[in-house]
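Residue numbers (the numbering used here): 182 to 527. As structure tokens, the structure follows; a few thoughts come after it.
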Amino acid sequence: MKRIKSIMLLALMLVSVVSVQANGGEQKEEGLNISGIVLEHLSDAYEWHIASYEGSHLSIPLPIIVRSEQTGEWTFCTAHSLPEPYYFDEEHHGKIYEKMSDRTAVRPLDLSITKSVAQIWIVVAILLAIFLSCAKWYKKRDCKSEAPRGFVGAVEMLTMTIHDDLCKSCIGEKHYKPYAPYLLTVFYFILTTNLVGLLPIFPGGANVTGNINITMFLALCTMLAINVFANAHYWKEILWPEVPGPLKLLMIPIEIFGVFTKPFALMIRLFANMMAGHAVILSFTCVIFLGWSMGAAYGLGLNIFSALMLLFMNCLEVLVAFVQAYVFTLLSAVFIGLAHVEHHEA
182 MKRIKSIMLL ALMLVSVVSV QANGGEQKEE GLNISGIVLE HLSDAYEWHI
232 ASYEGSHLSI PLPIIVRSEQ TGEWTFCTAH SLPEPYYFDE EHHGKIYEKM
282 SDRTAVRPLD LSITKSVAQI WIVVAILLAI FLSCAKWYKK RDCKSEAPRG
332 FVGAVEMLTM TIHDDLCKSC IGEKHYKPYA PYLLTVFYFI LTTNLVGLLP
382 IFPGGANVTG NINITMFLAL CTMLAINVFA NAHYWKEILW PEVPGPLKLL
432 MIPIEIFGVF TKPFALMIRL FANMMAGHAV ILSFTCVIFL GWSMGAAYGL
482 GLNIFSALML LFMNCLEVLV AFVQAYVFTL LSAVFIGLAH VEHHEA
């Protein structure tokens, strides 16, 4: 019983720490803007916020690199030293805009290292550390006589599951080998990014896979893998399907439209699921502050309820992180396999 009480106390302390960060020093006397806090933490940023205390903010400045549309000059700075005529436009989620001489505002060429970009670099470093350590184990030992255990064994099991059950079975033994490295890379990148994004403190917390630009790029890579290397029978079924003549006028536009709907479905599925999970967790965190503003009784009751729901949602998001990585890889493998179906005469 004492152990259970200790676990619950630790959970409440953890929720309090997460709540302070989610609040970000933005709770004002007139009330708590829950939607504003959630949207701010879901959007990208030019600095990495760590914590806030009594109006003071601890954050890591990230390099801002912009090119002026008016003069063509490059500017290198941070969010705390952004010079004129640049400014952060709150109506466009805090993106950098430039004031022109005619008083108009334009979006300059922005190559800044934002929070999402820094999170991707951290994920790449984690993946390099994992796979280089696994490669070092195989290099030192004879894998034919000694089976890997522990962490290396778990990585091998997961890799062989994706390789055999997804790549080989969905694409086919004849065509799967060129696509296996890409599909494995996509799976581990999405899985690691999702898991690191669940960490409430640095170096986690960034909403990378909940950023539609990231999911659009991943879907575009799958679209290129499907259509650039497809066989002739795939394009014949799209541009001249084997249906009666009048139906060709109906089927050809539908098949061409399907070329774009497949990657669009991949993009929206991953983006919506991950963004929704982060939004729900942040919303339950804000409920704690909302409850205390209504009184001690409401605050205590909502604190316990929010703590339990936060623990449940975080456990659920760990499962969702794996499921979304698996589903994205599975659908990519299925679509690639459909582009390599051999034509069989009746």
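Don't be surprised by glycine CBs; every beta carbon is placed ideally from N, CA and C.
Beta carbon of residue i nearer than 8 Å to that of residue j
i, j, result
"Gly-243", "Glu-265", "Checking the displayed sequence, the identity of residue 243 turns out to be Leu instead of Gly. The answer is no: Cβ separation not under 8 Å."
"Ile-407", "Phe-257", "no"
"Leu-365", "His-344", "yes"
"Ser-282", "Gln-251", "yes"
"His-521", "Gly-386", "no"
"Met-448", "Thr-373", "no"
"Thr-466", "Leu-491", "yes"
"Ile-469", "Asn-454", "no"
"Val-247", "Tyr-267", "yes"
"Asn-388", "Gln-505", "no"
"Ala-400", "Pro-444", "yes"
"Phe-383", "Ile-245", "no"
"Val-304", "Val-377", "yes"
"Met-494", "Val-461", "yes"
"Ser-262", "Pro-289", "no"
"Leu-379", "Ala-502", "yes"
"Val-336", "Cys-315", "yes"
"Thr-295", "Ala-226", "yes"
Backbone secondary structure at residue i - three-state DSSP
i, result
"Phe-259", "It should be pointed out that residue 259 corresponds to Thr in this sequence rather than to Phe. Residue state, collapsed to three classes: coil."
"Asp-291", "strand"
"Ile-277", "strand"
"Arg-248", "strand"
"Glu-354", "coil"
"Ile-382", "coil"
"Gln-208", "With a pLDDT of 40 at Gln-208, under the threshold of 50, the modelled position of that residue is not reliable, and no figure is offered here."
"Ala-286", "strand"
"Phe-410", "coil"
"Gly-518", "helix"
"Ile-390", "The residue asked about is misnamed: residue 390 is Thr in this sequence, not Ile. In the structure shown, Thr-390 sits in coil (DSSP, three-state: anything other than H, G, I, E or B)."
"Tyr-360", "coil"
"Gly-458", "helix"
"Gly-253", "coil"
"Leu-512", "helix"
"Ser-464", "helix"
"Ser-224", "coil"
"Glu-498", "helix"
Where residue i falls, given that 16 or more other Cβ within 10 Å makes a residue buried
i, result
"Thr-390", "buried"
"Phe-441", "exposed"
"Cys-348", "buried"
"Ala-457", "exposed"
"Leu-404", "The sequence shown places Met at residue 404, rather than the Leu named in the question. Counting Cβ neighbours within 10 Å, Met-404 comes out buried, since at least 16 surround it."
"Tyr-319", "exposed"
"Tyr-234", "exposed"
"Ile-185", "Low confidence applies here, because Ile-185 scores a pLDDT of 41, under 50, leaving its location unreliable and the question unanswered by this model."
"Leu-463", "buried"
"Lys-321", "exposed"
"Cys-496", "exposed"
"Asn-394", "exposed"
"Ala-529", "Absent from the structure is residue 529, since the part of the chain shown begins at 182 and ends at 527."
"Thr-499", "According to the sequence shown, residue 499 is Val rather than Thr. Looking at its Cβ environment, which holds fewer than 16 other Cβ atoms inside 10 Å, Val-499 is exposed."
"Glu-327", "exposed"
"Leu-239", "exposed"
"Ala-413", "exposed"
Sheet register partners of residue i (DSSP bridge)
i, result
"Ser-240", "His-230"
"Phe-269", "Ile-277"
Residue i Cβ short of 7 Å to the ligand NAD heavy atom set
i, result
"Lys-429", "In the structure on display, the ligand NAD does not appear, and there are no ligands present to speak of."
is_contact[residue i, chain C] using C-beta, thresh 8 Å
i, result
"Ala-299", "Absence of chain C from the displayed structure is noted, only one protein chain being present."
For the region 314-348, which segments carrying the alpha helix (DSSP H) assignment without a break, of at least 4 residues, lie completely within its bounds, in sequence order? 331-341
Kindly provide the ranges of any alpha helix (DSSP H) runs that are 4 or more residues long and lie completely inside the region 412-454, ordered along the chain. 413-420
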